[in-house]
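A.B. asks: Take a look at the following structure, please.
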Amino acid sequence: EENGVFFEIKNSAKTLTRSINFPAGLVTTVEDSDKNPNRKFKSSTGFTYHCLITRTTLYDDNKKPRKYTMIVGQSVIYVERVLNRIRLIVFLLIPLVILSAGAGGWYLARRSMKPVANITSAARDITLKNLDMQLPAPRNPDDELGKLVLTFNDMIERIRTGVQKI
Numbered sequence: 002e003e004n005g006v007f008f009e010i011k012n013s014a015k016t017l018t019r020s021i022n023f024p025a026g027l028v029t030t031v032e033d034s035d036k037n038p039n040r041k042f043k044s045s046t047g048f049t050y051h052c053l054i055t056r057t058t059l060y061d062d063n064k065k066p067r068k069y070t071m072i073v074g075q076s077v078i079y080v081e082r083v084l085n086r087i088r089l090i091v092f093l094l095i096p097l098v099i100l101s102a103g104a105g106g107w108y109l110a111r112r113s114m115k116p117v118a119n120i121t122s123a124a125r126d127i128t129l130k131n132l133d134m135q136l137p138a139p140r141n142p143d144d145e146l147g148k149l150v151l152t153f154n155d156m157i158e159r160i161r162t163g164v165q166k167i
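What follows is the structure in C-alpha cells.
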C-alpha cells in the first residue's frame, strides 16, 4: 500500500485513467472539492491517504467543454514514519541530552568551585594563635582567585605584624 504518489483522472461519467499504483480499495469522492481540495480518505484496506482534488474544464476540437476531475494523492504512511522518528527523538534523545548536559554542568561547576572550597577551608583554620599560616599559593596569581589569595595573605601578614607590635 505504500507505492508513492498516485493519480486518477475522471470525467462526470467514469474514470478515464489512473496510475498503476492507485491504491486498491480507495474510493474518492469529489463533492465540495472546490471548498476543500485537500482531502483525507481511508481505503477499505484500512490505509489513509491525503489527496488533492482539482476540477477543470477542457475543450475538445469542436470547442465543446468537457469537465474533468484529477485526484493526486499519497499514503500518509510516509508522514507517519517521519512523525514517529520525531517522536523518538523528542521522547528519548532529548531527555538523554538534558541529563548529560546536567551531569556535565554539575561536574564542571563542582570542579571550578573546588579551589574556592580549599581557600575557605584554609582561611577558617587561621586564628590569632597561628597567624604565621598562609593560604595555599594560587595556581595562577593573575586570575581573580589568585589575586584574592594574595590579598588575603597580605592582610594576614599585616594583622600578624600588628599583633606582634602590641
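For the sequence shown, position 135 matches number 136 in this note's numbering, and the numbering has no gaps at all.
Idealized CB from N, CA, C, for every residue including glycine.
Taking DSSP as the reference, what is the three-state secondary structure of Lys-115?
C.D. replies: Lys-115 falls in the helix class under three-state DSSP.
A.B. asks: For Gly-26, tell me which candidate among Cys-52, Gly-47 and Leu-109 has the shortest Cα-Cα distance.
C.D. replies: Comparing Cα positions, the closest option is Gly-47.
A.B. asks: Using the rule of at least 16 other Cβ atoms within 10 Å of the residue's Cβ for burial, across every protein chain shown, is Lys-36 buried or exposed?
C.D. replies: Exposed, by the Cβ-count rule.
A.B. asks: Grab me the residues of Ile-160's own chain with a C-beta within less than 8 Å of its C-beta, minus the 5 sequence neighbours each way, in chain order.
C.D. replies: Result list for Ile-160: Leu-132, in chain order.
A.B. asks: Mind the definition here: the region 44 to 62 touches the region 91 to 101 only if three or more C-beta pairs lie below 8 Å; say whether that holds.
C.D. replies: Contact fails: fewer than three Cβ-Cβ distances are below 8 Å.
A.B. asks: Mind the definition here: the region 114 to 121 touches the region 135 to 153 only if three or more C-beta pairs lie below 8 Å; say whether that holds.
C.D. replies: Short answer: they touch.
A.B. asks: Drop a sphere of 10 angstroms on the beta-carbon of Pro-142, count the other beta-carbons inside from all chains shown, and report buried for 16 or more, exposed for fewer.
C.D. replies: Label assigned to Pro-142: exposed.
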